[in-house]
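Novice: Heads up, the working numbering is the position in the sequence shown plus 102, with the first residue counted as 1. Virtual Cβ for every residue (Gly too), placed ideally from N, Cα, C. Below you will find the structure I want to go over with you.
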Amino acid sequence: MSRWTALSATLALGYSEGKSKSSYSGDKYVDLDQRGANESHRRRAWDDPAKRYGTALTATFVKGKQATATNRESYSNSGSAITDASSDYMRVPGYGMLDWTAYWQVAKNVRLNGGVYNLTDRKYWDYLSSRNIETGTNQDANDKALAVMPGRTWQLGVNVDF
């Protein structure tokens, strides 16, 4: 078997769209802020033909998104709903990230796994965790700094099959 037949490629896309009819916006359809940002994953892998060892490089790309601030549950003293937004949410920027993983089959039932994640040490935010961060005050700047996802990380593990 040729060593190049052990190459593989994977492409995965994640797309979702959601809208709801909002009486606060004049009965028009507005985007749902609860849905995640669109993303794609591309993976290139090589496995030894005998499956003794292998490696993979995975690229992840996520589109930026901004939640829409509303006052759907805010009311004036007269009891009428306040329809104007009083806050401005941070636009969560898109990002691209690389992960490298590898494995080595040490024995019939023992496999070592490892990887380096976020190889480029990219600073990024997860949309669903950061969508309600407001802009404009020092506390908001602190919240933004605390919401940054982990930088470069690594993992090493052992799988033992019984």
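Give the range of the beta strand (DSSP E) segment to which Q241 is assigned.
Specialist: Position 139 of the sequence shown, counted from the first residue, corresponds to residue 241. Segment 240 to 248 is the alpha helix (DSSP H) holding Q241; no beta strand (DSSP E) there.
Novice: Should A169 go down as buried or exposed, given a rule of 16 or more other Cβ atoms within 10 Å for buried?
Specialist: Taking the sequence shown and counting its residues from 1, one reaches residue 169 at position 67. Result: buried.
Novice: Going by the beta-carbon positions, is the gap between L109 and R144 smaller than 8 Å?
Specialist: To locate residue 109, count along the sequence shown from 1; it is residue 7. To locate residue 144, count along the sequence shown from 1; it is residue 42. Not a contact, by the Cβ cut-off of 8 Å.
Novice: Among the candidates L214, N220, R193, whose CA atom is the shortest distance from the CA of D201?
Specialist: Within the sequence shown, the letter at position 99 stands for residue 201. It is N220 whose Cα lies nearest to the Cα of D201.
Novice: Excluding the five sequence neighbours on either side, which residues of its own chain have a C-beta within less than 6 Å of the C-beta of N215, listed in chain order?
Specialist: Taking the first residue of the sequence shown as 1, we reach residue 215 at position 113. Taken in chain order, the residues that qualify are Y205, G259.
Novice: Are the beta-carbon atoms of D223 and R254 separated by less than 8 Å?
Specialist: For the purposes of this step, residue 223 is taken as the residue at position 121 of the sequence shown. For the purposes of this step, residue 254 is taken as the residue at position 152 of the sequence shown. In this structure, R254 lies closer than 8 Å to D223 by Cβ.
Novice: As a quick exercise: from W256, V132, G116, pick the residue whose alpha carbon is nearest that of K123.
Specialist: Here residue 123 refers to the residue found at position 21 of the sequence shown. If we check each option's Cα against that of K123, V132 comes out closest.
Novice: Determine the contact status of E141 and T160, defining contact as a CB-CB distance below 8 Å.
Specialist: Numbered from 1 along the sequence shown, position 39 holds the residue referred to as residue 141. Numbered from 1 along the sequence shown, position 58 holds the residue referred to as residue 160. Cβ atoms of E141 and T160: not closer than 8 Å.
Novice: Taking all protein chains shown into account, do 16 or more other C-beta atoms lie within 10 angstroms of the C-beta of S231, making it buried, or fewer, making it exposed?
Specialist: Position 129 of the sequence shown holds residue 231. Classification of S231: exposed, given that the 10 Å Cβ count is below 16.
Novice: A139 and K121 look like a contact to me (Cβ under 8 Å); what is the Cβ gap, rounded to whole Å?
Specialist: Stepping through the sequence shown from its first residue, residue 139 is reached at position 37. Stepping through the sequence shown from its first residue, residue 121 is reached at position 19. Not a contact, Cβ separation roughly 16 Å.
Novice: Looking at the strands, I want to know which residues DSSP matches up with D201.
Specialist: To locate residue 201, count along the sequence shown from 1; it is residue 99. According to DSSP, which records beta bridges pairwise, D201 is partnered with T160.
Novice: Under a three-way DSSP split, which group does L134 fall into?
Specialist: As a working mapping, residue 134 is identified with position 32 in the sequence shown. Reduced to three states, the DSSP call for L134 is coil.
Novice: With distance defined between alpha-carbon atoms, name the residue in P252, Y197, Q257 nearest to G217.
Specialist: The count along the sequence shown starts at 1 and reaches residue 217 at position 115. It is Q257 whose Cα lies nearest to the Cα of G217.
Novice: Would you kindly report the start and end of the unbroken beta strand (DSSP E) that includes L230?
Specialist: Reading the sequence shown from its first residue, position 128 is the one you call residue 230. Not the beta strand (DSSP E): L230 falls in the alpha helix (DSSP H), residues 229 to 232.
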